[in-house]
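Q: According to the working numbering, the stretch in the sequence shown is residues 6 to 286, in order. No residue lacks a Cβ here, since even glycine has one placed at the ideal position from N, Cα and C.
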Amino acid sequence: MSSNSIDPSQAKKQSLKTNQGNSIPVLGLGVWKSSPPECYQAVTDALALGYRHIDTAAIYGNEESVGKAVADSKIDRSELFITTKLWNADQGKEKAEVAFEKSLSKLNIDYVDLYLLHFPVSEKRNESWKVLERIYKSGRAKSIGVSNFMIPHLQELIQETGLVPAINQVEVHPFLNQKELRAYCDSQNILVEAYSPLAHGKRIEDPSISKIAEKYKKTNAQILIRWSIQSNMIVLPKSVKKARIDENGSVFDFSISDFDMEFLNSLDENYRTCWDPSDVV
Ligand SMILES: NC(=O)c1ccc[n+]([C@@H]2O[C@H](COP(=O)([O-])OP(=O)(O)OC[C@H]3O[C@@H](n4cnc5c(N)ncnc54)[C@H](OP(=O)(O)O)[C@@H]3O)[C@@H](O)[C@H]2O)c1
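#1: In or out: Pro-179 buried (at least 16 other Cβ within 10 Å) or exposed?
#2: For Asp-284, is the classification buried or exposed, using 16 other Cβ atoms within 10 angstroms of its Cβ as the cut-off for buried?
#3: What number of angstroms, rounded off, separates the C-alpha of Lys-18 from the C-alpha of Asp-191?
#4: Is it true that the CB of Leu-54 sits closer than 7 angstroms to the CB of Asp-263?
#5: With hydrogens ignored, establish whether the beta-carbon of Cys-279 is closer than 6 angstroms to any heavy atom of ligand 1.
#6: How many Å lie between Glu-132 and Gly-72 at the Cα?
#7: Kindly indicate which residue of Tyr-65, Glu-106, Gly-35 has the alpha-carbon position closest to the one of Ala-204.
#8: Please report the straight-line C-alpha distance between Gly-66 and Leu-196, rounded to a whole angstrom.
#9: Taking only heavy atoms of ligand 1 into account, decide whether any of them is closer than 6 angstroms to the Cβ of Asp-60.
#10: Hey, out of Ser-236, Leu-52, Asp-265, Pro-202, whose CA is closest to Lys-216's CA?
#11: Quick check: what's the CA-CA separation for Ile-87 versus Ser-78?
#12: Out of curiosity, what's the CA-to-CA distance linking Tyr-290 and His-58?
#13: Is Ser-143 buried or exposed, if buried means 16 or more other CB atoms sit within 10 Å of its CB?
#14: Output yes or no for whether 7 angstroms exceeds the beta carbon distance between Ile-29 and Ser-20.
#15: Any contact between the stretch 161–177 and the stretch 207–215? By contact I mean 3 or more CB pairs, one from each, below 8 angstroms.
#16: For Gly-35, which three-state DSSP category applies?
#17: Using only the heavy atoms of ligand 1, determine whether one of them is closer than 6 angstroms to the beta carbon of Trp-232.
#18: Taking Gly-167 as the reference, which of Trp-134, Glu-185, Glu-43 has the closest Cα?
#19: When every heavy atom of ligand 1 is checked, does at least one fall within less than 6 angstroms of the C-beta of Ala-104?
#20: Got a sec: does ligand 1 put a non-hydrogen atom nearer than 6 angstroms to the Cβ of Asn-253?
#21: Beta carbon of Lys-207: closer than 6 angstroms to some heavy atom of ligand 1?
#22: From Ile-214 to Asn-275, what does the alpha carbon distance come to, in whole angstroms?
#23: Check the C-beta distance from Gly-254 over to Tyr-45 and give it rounded, since I have them as a contact under 8 angstroms.
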């Protein structure tokens, strides 16, 4: 993707098309570990700054705050992209639909734009996926996908159910670049969402990132976020601070050169800050 094609006034609305037909803004606000009041304020600030995509989950305990901030913003629902996720304890054919309805009710909306299986729970994920398929067909989720799925989980899901996820949301940043998984997703037309794109805040100040940031006169966080976008991913930085939410969204007025992208691509060290689902059978 080239930043030359971006209209700066539309920057935060730049989107990618999913294999299920809807469009997803490439930049979304993450709200994991945002307390309900922080979450309300962060979503309010993000929407005022032009973000149109919010990533929450039932387990984050802040769906009600997302719903309230969205309602109070008075932004037309059709302009917004709201994602939530089915928590592990609610997987399975008995519980999944009830959990989905609970999320919709907390969010105070009629449909979500994306509903994800939060994790590839053993012996539950495929039957849960069939429940998500029913929800998708009913129109209450405009697209459905998965999170934390590795290649074998995806292969099994597609083989057993025949329905390819629109999205796989996984941890990705230059220190964990998930090259093989991303190539497999690409081959199946599954979009990748980069969670913890700032390595959960743990590697923002890394000297390798500072070197590139100085060159482009951008902040380290902006380089990490821009790397995700130029790697054709959707990116979900989290902050509860308005200035940082603004900073993290101001990534559409520059482009990292191929040479510097190659350098950033060389920083992979399999550094995980969150779940490692590789051993989940
Ligand atoms: N599906 C999954 O299993 C899964 C797992 C993890 C994350 N996620 C999603 O991905 C989102 C992002 O991941 P994440 O929350 O782990 O971490 P992240 O976005 O990589 O990093 C967030 C951390 O960086 C800080 N930060 C944000 N912007 C900054 C900036 N410009 N300069 C310096 N520090 C900055 C934040 O602090 P402040 O808030 O204080 O600014 C916070 O401590 C989550 O919120 C969630 O929506 C999904």
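A: Once the coordinates are examined:
#1: buried
#2: exposed
#3: 22 angstroms
#4: no
#5: yes
#6: 28 angstroms
#7: Gly-35
#8: 26 angstroms
#9: yes
#10: Asp-265
#11: 14 angstroms
#12: Residue 290 is absent from the model: the chain starts at 6 and stops at 286.
#13: exposed
#14: yes
#15: no
#16: strand
#17: no
#18: Trp-134
#19: no
#20: yes
#21: no
#22: 16 angstroms
#23: With 8 angstroms as the limit, Gly-254 and Tyr-45 do not qualify as a contact, their Cβ atoms being about 18 angstroms apart.
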